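Asks: Sharing a structure here in structure tokens format.
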């Protein structure tokens with residue numbers, strides 16, 4: 021679809037700048053990339069570090085990504101510390117922010133809590149069985165089998181997670 025603007029299509033009461041005859045067609049989609057037509061005014065920035073790619077889970081992180089079977093064994097096994105399970109997705113923005121907060125929490129509670137991650141894209145059936153509807157979803161599971169698990173959805177402040185671990189577990 022092309023739009024042609026001519027002198028006849030502009031009303032006579034329009035300002036003089038609009039009454040200049042234009043015999044130019046404007047394509048509906050740009051065929052030339054914008055960066056080709058404009059020169060670069062600022063120099064390119066040098067990256068200080070490699071940008072993050074992938075699942076935001078690496079081997080040296082304290083929060084480990086676990087499969088459904090590994091997590092079920094961990095939940096059913098003997099523990100003397102609380103377990104925190106983070107259900108996340110790779111392309112979820114709040115999940116990325118939550119991953120950073122959980123890493124800080126893992127540093128603080130290194131020997132006093134176990135923090136694990138489950139990718140809902142890889143473990144679809146398990147996340148469905150755990151009734152994960154929104155992301156990120158956190159489960160706080162106490163080492164005491166008589167206490168109920170605490171389930172929270174959405175981005176949770178770090179102080180609220182500290183309060184749950186310290187007071188309700």
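In the working numbering, the protein residues as written are 21 to 189.
We treat Cβ as the ideally placed atom computed from N, Cα and C, and that holds for glycine.
Computed from a prediction, not measured in an experiment: that's the story for all the values here.
1. Quick check: what's the CA-CA separation for residue 112 versus residue 148?
2. Given a cut-off of 7 Å, decide if residue 107 and residue 138 are closer than it, judged by their beta-carbon atoms.
3. Please check the pair residue 101 and residue 135, which I expect to be a contact at CB under 8 Å, by giving their CB distance rounded to whole angstroms.
4. Quick one: is residue 169 buried, meaning 16 or more other Cβ sit within 10 Å of its Cβ, or exposed?
5. Measuring alpha carbon to alpha carbon, tell me which residue in 117, 99 and 144 is nearest residue 88.
6. Using the C-alpha atoms, what's the distance from residue 121 back to residue 81?
7. Is the beta carbon of residue 118 closer than 7 Å to that of residue 177?
8. Have a look at 186, 83, 114 and 110 and flag the residue whose alpha-carbon is nearest the alpha-carbon of residue 163.
9. Cα separation between residue 126 and residue 166?
10. Bridge partners for residue 81 per DSSP, in chain order?
11. Name the DSSP bridge partner or partners of residue 150?
12. Quick one, are the C-beta atoms of residue 83 and residue 130 less than 7 Å apart?
13. Please specify which runs of the alpha helix (DSSP H), each continuous and at least 4 residues long, are wholly inside the region 103-137, giving them in chain order.
14. Beta carbon of residue 87: closer than 6 Å to some heavy atom of the ligand GTP?
Replies: With the given structure in hand:
1. Sequence index remark: in the chain shown, residue 112 carries index 92 (1-based). Sequence index remark: in the chain shown, residue 148 carries index 128 (1-based). When rounded, the distance between both Cα atoms is 17 Å.
2. For the purposes of this step, residue 138 is taken as the residue at position 118 of the chain shown. For the purposes of this step, residue 107 is taken as the residue at position 87 of the chain shown. Yes, they are a contact pair.
3. Along the chain shown, one-based indexing puts residue 101 at 81. Along the chain shown, one-based indexing puts residue 135 at 115. Going by Cβ atoms, the distance from residue 101 to residue 135 rounds to 10 Å, so no, they are not a contact pair.
4. Position 149 of the chain shown, counted from the first residue, corresponds to residue 169. Exposed, by the Cβ-count rule.
5. Residue numbering aside, residue 88 sits at position 68 when the chain shown is read from its first letter. If we check each option's Cα against that of residue 88, 144 comes out closest.
6. If you number the chain shown from 1, residue 81 lands on position 61. If you number the chain shown from 1, residue 121 lands on position 101. Taking the straight line joining both Cα atoms gives about 12 Å.
7. Within the chain shown, the letter at position 157 stands for residue 177. Within the chain shown, the letter at position 98 stands for residue 118. Contact: no.
8. The residue you call residue 163 lines up with position 143 of the chain shown. Among 186, 83, 114 and 110, the Cα nearest to that of residue 163 is on 186.
9. On the chain shown, position 106 is the one that residue 126 refers to. On the chain shown, position 146 is the one that residue 166 refers to. Near 25 Å, if we compare the C-alpha coordinates of residue 166 and residue 126.
10. Here residue 81 is taken as the residue at index 61 of the chain shown, counted from 1. DSSP, once it has assigned bridges, lists no residue as partnering residue 81.
11. Position 130 of the chain shown holds residue 150. Paired residue(s): none; residue 150 is not in a bridge.
12. As a working mapping, residue 83 is identified with position 63 in the chain shown. As a working mapping, residue 130 is identified with position 110 in the chain shown. Contact flag unset, no.
13. 113-128
14. This structure lacks the ligand GTP, and indeed carries no ligand of any kind.
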